[in-house]
Amino acid sequence: MENAELKKVFQQMKKEIISLLSPQKQKPRERAEDDSTGTVIPDSEEDVGELNRDSTFHLSCETVREQLTNSIRKQWRILKSHIEKLDNQVSKVHLEGFKDEDVISRQDHEQETEKLELEIQQCKEIIKTRQQGLPAGAVVEDLPANAGDTGSSPGLGRSHMPRSN
Numbered sequence: 001m002e003n004a005e006l007k008k009v010f011q012q013m014k015k016e017i018i019s020l021l022s023p024q025k026q027k028p029r030e031r032a033e034d035d036s037t038g039t040v041i042p043d044s045e046e047d048v049g050e051l052n053r054d055s056t057f058h059l060s061c062e063t064v065r066e067q068l069t070n071s072i073r074k075q076w077r078i079l080k081s082h083i084e085k086l087d088n089q090v091s092k093v094h095l096e097g098f099k100d101e102d103v104i105s106r107q108d109h110e111q112e113t114e115k116l117e118l119e120i121q122q123c124k125e126i127i128k129t130r131q132q133g134l135p136a137g138a139v140v141e142d143l144p145a146n147a148g149d150t151g152s153s154p155g156l157g158r159s160h161m162p163r164s165n
């Protein structure tokens, strides 16, 4: 019975998380449920009797439990508010559209991809040319470990390739 209030708070948080993260966004619900005082009321006479027997210890436990519950609720409201603000910002961006400097056009992306593919092909040709000049046994041993990477190794002849921006 001690954890009943915390379980109730966690169940409410779980429901709100599901509603916040669901794909079907609805308007934020009123926080009437969150604004409760968080006072723990004993559910049975047994709890009341326990309060009378060890009132000092139990009172401090009740106080700590109440403070913990209130702290969890407060933190949850802050988190929920932050999530709602972020959601509103995302919605605003989608409604207003993206800024031009934030998004690259599809055509520019495709052109850049083609340039990079051409550069990769040129690097492969340079590697083949250099391998042909090496002795047969040295080809495998002298190749850098990242020779297949796209121009990450210095000395692959990138300076010989035309660069257009």
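Position 78 of the sequence shown, counted from 1, bears residue number 78 in the UniProt record's numbering, the numbering being contiguous throughout. The beta carbon of each residue, even a glycine, is placed where N, CA and C say it ideally should be.
Quiz item: For V9 versus T69, is the C-beta spacing smaller than 8 Å?
Solution: yes
Self-check item: Under 8 Å between C-beta atoms of L20 and I83
Solution: yes
Quiz prompt | Rounded straight-line distance, which links the Cα of R106 to that of Q121 | solution = Rounded to whole angstroms, the gap between the alpha carbons of Q121 and R106 is 22 Å.
Exercise. Please classify K85: is it buried, with 16 or more other beta-carbons within 10 angstroms of its beta-carbon, or exposed?
Key: exposed
Quiz item: Between the C-alpha atoms of S91 and K7, what's the straight-line distance to the nearest angstrom?
Solution: 33 Å
Quiz item: Are E16 and K74 close, meaning C-beta to C-beta below 8 Å?
Solution: no
Quiz item: Helix or strand or just coil, what does DSSP make of L134?
Solution: coil
Practice problem: Can you tell me which of the three DSSP states N88 falls into? | Solution: helix
Exercise. Enumerate in chain order the residues of its own chain whose CB-to-CB distance from N3 is below 6 Å, with the five nearest sequence positions on each side excluded.
Key: none
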